[in-house]
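A.B. asks: Mapped onto our numbering, the consecutive letters of the sequence shown carry residue numbers 1393 to 1552.
Glycine is no exception: its CB is placed at the ideal position from the N, C-alpha and C atoms.
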Amino acid sequence: MVDIDNIKLKDKRLRDYILSVDRNIAWHLNGDFTLVQSIIKQQTILLENSSKNSNRMDEVLIKYCYIFDYEWDVVSGMSQYGVGDLVFTDGNENYLVIEVKQLSYGSGRNQCVARRKARRRVEEQAIKYMNAFRKKHPEAKSIIGVAVASSEWTFYAFKG
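This is how it looks when you write it as structure tokens:
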């Protein structure tokens, strides 16, 4: 049974925390955090305006309107096996697992190769974390994995 009041309370607590962190401090702590923060800000604006959008990313952020988890251990208590970035829910056991990676935008061959590798890595992590989330939450009706490399979104649906 879904406890929607608990989900709303957790969403408010996480949303308030993420949005309250100073971007300048966050950038020095973790470059990915500013990307997480921008996703939450964008979602908050979309939910407040509740306008119809044709953008798939906007539609997904509106549908999965509650933050379910932030910086979660893929293997409970063992962060060395990976830490997922964000999980959203619609409150009905449908989940959106998001993995983000901030890419550098230098020029030159080495930078291009580094960006391509980072993009592949975040896509691999999104699939890995989506499957790990399924194991941790077998009651989930559906799970969508999303890899966000800077502003590029790649969607994966879990079939299982």
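Under a three-way DSSP split, which group does Tyr1458 fall into?
C.D. replies: Note: Tyr1458 maps to strand in three-state DSSP.
A.B. asks: Would you mind giving the Cβ-Cβ distance between Val1479 and Val1489, rounded to the nearest angstrom? I have them listed as a contact below 8 angstroms.
C.D. replies: That belief holds up - the Cβ atoms of Val1479 and Val1489 are roughly 5 angstroms apart, short of 8 angstroms.
A.B. asks: Is DSSP giving Lys1493 helix, strand or coil here?
C.D. replies: Residue state, collapsed to three classes: strand.
A.B. asks: Please classify Glu1516 as buried or exposed, where buried requires at least 16 neighbouring CB atoms within 10 angstroms.
C.D. replies: With fewer than 16 other Cβ atoms within 10 Å, it is exposed.
A.B. asks: Alpha carbon to alpha carbon, how far is Glu1463 from Tyr1456? Give it in angstroms, no decimals.
C.D. replies: Cα-Cα distance, rounded: 17 angstroms.
A.B. asks: So, do the segment 1496-1507 and the segment 1465-1475 have three or more beta carbon pairs nearer to each other than 8 angstroms?
C.D. replies: Contact fails: fewer than three Cβ-Cβ distances are below 8 angstroms.
A.B. asks: Take Ser1430 as the anchor and find which of Gln1494, Val1466, Lys1520 has the nearest alpha-carbon.
C.D. replies: Ranking Gln1494, Val1466, Lys1520 by Cα distance to Ser1430 puts Gln1494 first.
A.B. asks: Rounded to a whole number of angstroms, what is the C-alpha to C-alpha distance between Val1394 and Ala1524?
C.D. replies: Whole-angstrom Cα-Cα distance: 20 angstroms.
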